[in-house]
Each structure stands twice: as C-alpha cells, then as structure tokens.
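Residue numbers (UniProt numbering): 1 to 271. Think of the CB as a built atom: it goes at the ideal place given N, C-alpha and C, for glycine as much as any other residue. To start, the structure itself, in structure tokens.
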Amino acid sequence: MAKSIAFSAIAPPDYLDLFVAQEPASVHHVAAQRVLTDAAYRAFFHREAQRGAEIIVDNGVFDLGRALPAADLIAAARIVDAREIILPDVMRDGLATIKASDDAAREILDLSDEFRLCVVLHAADDQEWLRCYDYFASSDYVGAIALPASRRPAPEDQLCRTRWAATRYLEDHGIVEDRIVYRLLGLGRTGHLELVEQREHEWIASVDGAAPVILGAMGIEMLPDGPYEKPPTPRIENLGPIHEERFDLIRRNIAVVREAAGSSVRIPEAA
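Below, the structure written as structure tokens:
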C-alpha cells in the first residue's frame with residue numbers, strides 16, 4: 001500500500017482541541033470567515049501552524065454562498081500562517097469554475113504571491129471534466145488541484161461524478177503533474193472506505209471531512225471495514241452542542257478514517 005493521506009478533521013469551533021488537534025501536526029483545512037471573526041478559532045490554528053501544520057484556507061463559498069474578497073482571504077491566510085488558499089468553484093460547472101478561479105487568482109496575485117493557489121475541479125460531464133483538468137494542469141498560477149467528493153450514485157467510470165474513477169484515470173494516462181499538489185475534498189458516499197483505494201495513488205496529499213464528528217455526535221459508529229451508511233446529517237455549523245458521552249465515539253471515528261488513510265497522526269488527548 002502507498003504512503004498515507006493526511007486527514008484534516010472538521011469540527012465546530014468549540015471542539016477544536018478535542019477533535020481537530022493533531023500529534024504530530026499535519027494538515028488543517030480552515031474557514032477564512034471564521035479566522036476573521038473568531039479569536040479562539042484563529043488562535044488555535046495559528047498554534048497548529050507554529051507546531052508545523054500546513055494550513056489551507058478555504059474561501060467561504062460553500063458556507064456563505066460567495067467567496068470572500070481577495071484581500072480578506074490574504075488577511076485570513078496571514079493570520080494563521082497558511083501556505084495555501086482554495087479558490088472559488090461552481091458545482092458541476094467547469095467553465096464557470098475556470099472563470100471564478102481565474103478571476104480570484106488574478107485578484108489575489110495582484111496583492112500577494114506568497115500562497116499556493118488551489119483550484120477545485122468541477123464539470124457537467126466527462127468531456128468538460130477533461131477540458132477543465134487540462135486547463136488547470138497547464139495554468140501557471142495553479143499549485144494544487146482538489147477533487148470534490150462523490151456524493152451520489154453514478155456510473156463507476158464517470159470521471160465527473162466518481163472520484164476514484166477520476167484519480168485512476170489521471171494515473172493510468174500519465175497526466176499527474178509533479179509540480180501540483182493533489183487533494184481530496186470531503187468524504188464521499190463510501191466514506192473512509194474510498195481512502196483505502198485512493199492510497200494506491202502516492203500523489204494524493206490530503207483529505208478533509210466532518211463526517212466522523214457529525215456521525216459520532218449522532219451516535220453512529222464508523223466501522224473500519226464498513227459498510228459505510230450515512231443518513232441525512234446537519235451541516236457542521238448547525239450541529240449544536242455535543243454531549244460528552246459521544247466524545248470517545250467521535251475520537252474512534254476519526255481514528256477509523258485515519259487508519260483507512262494510512263495516517264499515524266493522533267489526537268493528542270487520545271495518543
């Protein structure tokens with residue numbers, strides 16, 4: 001089996017020390033809008049950066065419906081010593097994603113060139129997916145490409161809907177770019193089980209996800225060998241207070257994901 005994939009757990013701000021802290025510090029996905037508005041949140045991730053974590057700042061479009069302005073993204077990234085900023089994307093629309101990414105990259109680079117810029121690959125069909133990938137892989141400003149999670153059942157060979165088909169295609173056709181960092185965004189419809197297969201690709205750097213925290217808070221255990229079944233769940237910001245009796249289950253869920261990813265990182269309290 002290939003090298004590990006770093007896993008960044010996503011949790012409500014009140015539970016960062018309990019579920020998001022890492023030993024050793026590795027990779028964290030951070031919401032730019034929370035960095036700018038929540039002193040405890042930004043202090044936590046600044047400390048993690050000082051401990052050696054790679055901080056990736058998300059632009060806010062998923063949570064807010066719009067991306068933060070370039071100046072705000074840069075300010076947030078600097079506050080937590082981030083190395084990378086994720087550019088805005090448009091679900092299932094490759095051309096719109098290209099335009100949104102190009103515009104955001106131009107605005108950011110007009111102000112600073114100190115951050116790696118990450119695009120998110122979207123498309124309506126496989127032909128568009130290939131055009132979008134080729135465009136980003138050959139763009140000078142692109143330092144990272146993120147592949148979104150497969151959310152709904154789709155044909156196993158559909159590149160724009162089935163992430164493991166997409167990663168296999170990139171490797172089989174020899175079009176993985178050495179200069180680009182590749183990431184997975186979120187856990188898809190097979191959850192942590194996908195990561196076992198994705199570890200065959202040594203070029204995948206990281207994956208993030210809130211599922212082990214949300215499911216654990218709901219009393220649902222993630223089994224190492226599956227099956228993975230995820231009922232309708234609230235968004236992480238709507239999760240509300242988590243009962244202390246669920247804490248151990250959440251930690252076990254996070255450990256299951258990290259085991260599937262081949263990661264030896266632990267939560268400090270559980271190490």
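In the three-state reduction of the DSSP assignment, Val142 falls in the strand class.
In the structure shown, Pro241 falls within a coil segment according to DSSP collapsed to helix, strand and coil. The Cβ atoms of Gly209 and Lys3 lie no closer than 8 angstroms to each other. The C-alpha of Val207 is placed about 8 angstroms away from the C-alpha of Leu187. DSSP places Arg161 outside both helix and strand once states are collapsed to three, so it counts as coil.
The continuous beta strand (DSSP E) containing Leu184 extends over residues Val181 to Leu185. When DSSP states are grouped into helix, strand and coil, Phe115 belongs to the coil group.
Of the other Cβ atoms in all chains shown, 16 or more fall within 10 Å of the Cβ of Ile180; this residue is therefore buried. Contact between Ile86 and Asp58 holds, since their C-beta atoms are separated by about 5 angstroms, short of 8 angstroms.
Glu128 counts as buried, since no fewer than 16 other beta carbons sit within 10 angstroms of its beta carbon. Secondary structure note for Phe7: its beta strand (DSSP E) is the uninterrupted segment Ala6 to Ala9. Under the 10 Å beta carbon count, Gln50 is surrounded by fewer than 16 other beta carbons and is classified as exposed. For the set Leu195, Ser112, Arg199 and Pro212, the Cα lying nearest the Cα of Asp248 is the one of Pro212.
Burial state of Ser264 is exposed, judged by a 10 Å Cβ sphere holding fewer than 16 other Cβ atoms. For Glu194, the enclosing alpha helix (DSSP H) begins and ends at Leu193 to Gln198. Ranked by Cα distance from Asp93, the first of Arg161, Glu221 and Glu269 is Arg161. When the five nearest sequence neighbours on each side are left out, the beta carbons in the same chain lying within less than 8 angstroms of the beta carbon of Ile214 are those of Thr233, Pro234, Ile236 and Leu239, in order along the chain. Per DSSP, Val35 is one residue of the alpha helix (DSSP H) stretching across Ala32 to Thr37. Taking 8 angstroms as the cut-off, the beta carbon of Glu84 is found closer than this to the beta carbon of Cys118. In the three-state scheme derived from DSSP, where H, G and I count as helix and E and B as strand, Ala100 is classed as helix. Shown here, Glu156 sits in coil according to DSSP, grouped into three states, outside any helix or strand.
Put simply, the segment 25 to 39 touches the segment 58 to 73. At least three CB pairs are less than 8 angstroms apart.
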